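Chains as they are written, first to last, in the working numbering: chain A, 221 to 304; chain B, 2 to 147.
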């Protein structure tokens, strides 16, 4: 799967947790979940669980710690998909 | 981990401890109880001459059983965890209140685990009075760190 395709699916996953709609509409690979999208840090766990369901992968603690912005999250998903 | 041990390790004390018993606990489910003493501090103000347990206190009771006690038990099932100084934070609540709870009423709280991942516990909770009526239902989430 291309990183563009992953990012498009990720955008739908984070949508319900976003508090800054303007930054969400202008989402880029650099968008940070907490600083830019103003997502409650506790909801990062929900995003990770939704990512697991959407892509049928398993995220571990050290992966989770990296998943703070779009680019890093897409990277983790891509790596998991290739080793699946 | 025994029920009395769970309660002794909770980071609350009077007048803000809202767990009296833990009656059942497993990896999926917890059941506990509490009796709201008529002498409790909040009845004097909620409401004037008409004491009713505040919804926020019912929510706290549901959370102390369905998140804090449950989370302590789930953490205790993991290896090499020190439970002496756990840190708790409630992160979200979605609750409905269906019946009032009056002074000296006992309630039973039942909580089912929705997930416990990355130190976040999300539970589906129900609170019943002694007639078996549902008084509160909802979903609570919190973070628990050893």
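A virtual CB, placed ideally from N, CA and C, is assigned to each residue, including glycine.
As the structure is a prediction and not an experimental result, all values here were calculated from the model.
Own chain partners of residue i with C-beta closer than 7 Å, once the 5 adjacent residues on each side are dropped
i, result
"residue 242/A", "none"
"residue 129/B", "108, 109, 135 and 136"
"residue 81/B", "none"
"residue 226/A", "294, 297 and 298"
"residue 263/A", "237"
Beta bridge counterpart(s) of residue i as assigned by DSSP
i, result
"residue 95/B", "140/B"
"residue 41/B", "None, per the DSSP bridge assignment."
"residue 30/B", "113/B"
"residue 255/A", "DSSP output for residue 255/A lists no bridge partner at all."
"residue 135/B", "129/B"
"residue 88/B", "146/B"
"residue 36/B", "107/B"
Of the residues the options, the one placed nearest residue i, counting alpha carbons only
i, options, result
"residue 97/B", "42/B, 5/B, 68/B and 55/B", "55/B"
"residue 35/B", "119/B, 61/B and 88/B", "61/B"
"residue 84/B", "24/B, 75/B and 26/B", "75/B"
"residue 66/B", "139/B, 132/B, 19/B and 121/B", "19/B"
"residue 15/B", "119/B, 43/B, 24/B and 82/B", "43/B"
"residue 38/B", "28/B, 53/B, 24/B and 146/B", "53/B"
"residue 126/B", "30/B, 118/B, 112/B and 120/B", "112/B"
"residue 251/A", "276/A, 235/A, 288/A and 303/A", "288/A"
"residue 95/B", "51/B, 114/B, 141/B and 32/B", "141/B"
"residue 256/A", "263/A, 265/A, 262/A and 246/A", "246/A"
"residue 234/A", "274/A, 300/A and 302/A", "274/A"
"residue 72/B", "124/B, 138/B and 24/B", "124/B"
"residue 106/B", "51/B, 32/B and 131/B", "131/B"
Terminal residues of the beta strand (DSSP E) in which residue i lies
i, result
"residue 122/B", "121-129"
"residue 286/A", "Unbroken run through residue 286/A is the alpha helix (DSSP H), 281-286; no beta strand (DSSP E)."
"residue 112/B", "107-118"
Extent of the continuous alpha helix (DSSP H) to which residue i belongs
i, result
"residue 58/B", "56-64"
"residue 71/B", "71-77"
"residue 267/A", "263-275"
"residue 14/B", "First-last for residue 14/B: undefined, no H or E at that position."
"residue 295/A", "290-302"
"residue 238/A", "Unbroken run through residue 238/A: none, as it is neither H nor E."
"residue 229/A", "223-234"
Under 8 Å by beta carbon: chain E residues contacting residue i
i, result
"residue 142/B", "No chain E appears in the structure shown, which is made up of the protein chains A and B."
Residues near residue i by beta carbon distance below 6 Å, same chain, minus five either side
i, result
"residue 121/B", "144"
"residue 268/A", "279 and 284"
"residue 300/A", "277"
Neighbourhood of residue i by C-beta, 8 Å cutoff - its chain only, sequence neighbours within 5 removed
i, result
"residue 222/A", "none"
"residue 259/A", "234, 237, 238, 239, 253 and 267"
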